Amino acid sequence: MARKSRSTNSASRAAAKAAPSKTAKTRQAAKTLAKTVVKTPAKPGKAAAPSARKALVSKGRTISAPRRPKQKIAISHHREADFKADGLRAYAHYRDLGIAAATHGLARAHVIRMLPPCNPQEVSKLHIHAVDFQMVYVLKGWVKSYLEGVGETLMTEGSCWTQPPKIRHMILDYSDDVELLEVILPADFKTVELST
Numbered sequence: 039m040a041r042k043s044r045s046t047n048s049a050s051r052a053a054a055k056a057a058p059s060k061t062a063k064t065r066q067a068a069k070t071l072a073k074t075v076v077k078t079p080a081k082p083g084k085a086a087a088p089s090a091r092k093a094l095v096s097k098g099r100t101i102s103a104p105r106r107p108k109q110k111i112a113i114s115h116h117r118e119a120d121f122k123a124d125g126l127r128a129y130a131h132y133r134d135l136g137i138a139a140a141t142h143g144l145a146r147a148h149v150i151r152m153l154p155p156c157n158p159q160e161v162s163k164l165h166i167h168a169v170d171f172q173m174v175y176v177l178k179g180w181v182k183s184y185l186e187g188v189g190e191t192l193m194t195e196g197s198c199w200t201q202p203p204k205i206r207h208m209i210l211d212y213s214d215d216v217e218l219l220e221v222i223l224p225a226d227f228k229t230v231e232l233s234t
């Protein structure tokens, strides 16, 4: 009988060594939780309260911004009839890609086709856009722009750039066949022309 009990005890001890203890499990859970704390930097010159700096993550989910309406799928196929003179600039036609409607105003994407020939007196006006994000990609042709902090830049087919919020910029020249893809957040934004 004694032998049986020793072998049972040996088996129990081996199983205990193989399985992590409750303390080890607790330590591992605490480490995992510590890794999932999201820190938000304080604004310059202000110390944020600890509760304002950290958002606790629960079960792999982060605390997020308020929910927006559910987005829809937007599919847009090329049709010449979709280029319209209803955009921001009179010297361009815009093909709306349906993103603004599908995202409930979260973003806008359109193809811009500049009308030839380029007239610098009409086109070259320094301005800013009150946007959160703006990206431009040259689909065809070329465009010469001025960007604050960069200067004059020639963008050709395949070139892509972002324009930070409220950066001073203007178009200086463009090819007769230029087409640009532009993505902006939010969909509706304010443009302010600046005096030079």
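Going by this note's numbering, the sequence shown opens with residue 39, and the numbers climb by one from there.
Just so it is clear, CB atoms sit at the ideal spot from N, CA and C, and this is done for glycine as well.
Model, not experiment: these values are computed from the prediction.
- Boundaries of the alpha helix (DSSP H) harbouring glutamine 159: 158 to 161, taken from the DSSP string.
- With a cutoff of 9 Å on beta-carbon distance, glutamate 231 and lysine 163 are scored as near each other.
- If you ignore the 5 residues before and after proline 155, its C-beta comes within less than 7 Å of the C-beta of Asp214, all in its own chain and listed in chain order.
- For the pair of segments examined, the region 128 to 144 was found not to touch the region 163 to 181: the number of CB pairs separated by less than 8 Å stays below three.
- Taken in chain order, no unbroken stretch of alpha helix (DSSP H) lies wholly in the region 172 to 224 with a span of 4 residues or more.
- Nearest to glutamine 172 by alpha-carbon distance, out of His115, Glu220, Tyr212 and Asn157, is Glu220.
- In this structure, the straight-line span from the alpha carbon of tryptophan 180 to that of valine 188 is close to 18 Å.
- Looking from the CA of glutamate 195, the closest CA among Glu186, Glu217 and Ile209 belongs to Glu217.
- Taking each of Ser114, Leu185 and Tyr212 in turn and checking the Cα distance to threonine 200, the smallest one comes out for Leu185.
- For the 9 Å CB-CB criterion, isoleucine 222 and valine 161 do not form a contact.
- Counting of Cβ neighbours within 10 angstroms places isoleucine 150 among the buried residues, the total reaching 16 or more.
- Taken atom to atom, the span from the alpha-carbon of glutamine 109 to that of arginine 133 is near 20 Å.
- If you look at isoleucine 113, you'll find it isn't in any alpha helix (DSSP H); DSSP assigns it neither H nor E.
- Here leucine 135 is buried: its Cβ has 16 or more other Cβ atoms, across all protein chains shown, within 10 Å.
- For alanine 147, the enclosing beta strand (DSSP E) begins and ends at 146 to 152.
- For the set His148, Gly143, Thr229 and Val174, the Cα lying nearest the Cα of histidine 131 is the one of His148.
- The C-alpha of phenylalanine 121 is placed about 13 Å away from the C-alpha of tyrosine 129.
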